[in-house]
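Engineer:
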Amino acid sequence: MYNSHLPTDGSNAPKGTSIGVGVFDQRTERHGNERIRFLLKSFGLRTSLIRLKVIDALLTAAESERSLGVRGVHSHLLDLDIPLSFLSVREVLRRLCSEGVIVLNPDKSYSLDPRAAAALHIG
Numbered sequence: 101m102y103n104s105h106l107p108t109d110g111s112n113a114p115k116g117t118s119i120g121v122g123v124f125d126q127r128t129e130r131h132g133n134e135r136i137r138f139l140l141k142s143f144g145l146r147t148s149l150i151r152l153k154v155i156d157a158l159l160t161a162a163e164s165e166r167s168l169g170v171r172g173v174h175s176h177l178l179d180l181d182i183p184l185s186f187l188s189v190r191e192v193l194r195r196l197c198s199e200g201v202i203v204l205n206p207d208k209s210y211s212l213d214p215r216a217a218a219a220l221h222i223g
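Numbering of the sequence shown is given in our numbering, commencing with residue 101 and proceeding in unit increments.
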């Protein structure tokens, strides 16, 4: 039965209440994903869950001034309960490199290409 006092967005929370807290706020995560979606689109790539998660892992590592290789990205995703195979992660990293979104550093770690960082407005 329709109730005009309930939100129509599928949420059970009344308007004006917080859905999440801190870094796990769903609205913040969507905003971050929108940045990554824009980045992929600007490089002519489709958005996929694995690309979003891999780029997010690299961004998180960069914010912590760490670098991640294939194993590091894979471990990070497993820690987040995202069950992707090592080979899938490696192939996504390879494809993002070939498209110029990320670069393979001499120490075998990955980072955003300067053009991609500029598209995300980070230094």
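Don't be surprised by glycine CBs; every beta carbon is placed ideally from N, CA and C.
Between which two residues does the alpha helix (DSSP H) carrying I150 extend?
Structural biologist: Counting along the chain, the alpha helix (DSSP H) containing I150 begins and ends at L149 to E163.
Engineer: Which term fits H221, buried or exposed, when burial requires 16 or more other beta carbons within 10 angstroms of its beta carbon?
Structural biologist: Flag for H221 reads exposed.
Engineer: If you draw a straight line from the C-alpha of S211 to the C-alpha of R194, how long is it?
Structural biologist: Using only the alpha carbons, I get a separation of about 12 Å.
Engineer: Should L220 be flagged as near chain C, meaning a C-beta pair shorter than 8 Å?
Structural biologist: Included in the structure is just one protein chain, with no chain C present.
Engineer: Would you please state the rounded distance, in angstroms, between the beta carbons of S148 and A219? I believe it to be under 8 Å.
Structural biologist: Contact flag wrong, Cβ pair sits at about 18 Å.
Engineer: Please identify the residue among S164, V170, A162 and N205 whose C-alpha is closest to the C-alpha of V189.
Structural biologist: Checking every option, the nearest Cα to that of V189 belongs to V170.
Engineer: Out of curiosity, what's the CA-to-CA distance linking S167 and L184?
Structural biologist: Computed Cα separation, rounded: 20 Å.
Engineer: If V192 and R151 are in contact, beta carbons under 8 Å, what's the gap, nearest whole angstrom?
Structural biologist: Yes, V192 and R151 are in contact; Cβ-Cβ is about 6 Å, under 8 Å.
Engineer: Could you give the DSSP three-state label for L145: helix, strand or coil?
Structural biologist: Correct three-state label for L145: coil.
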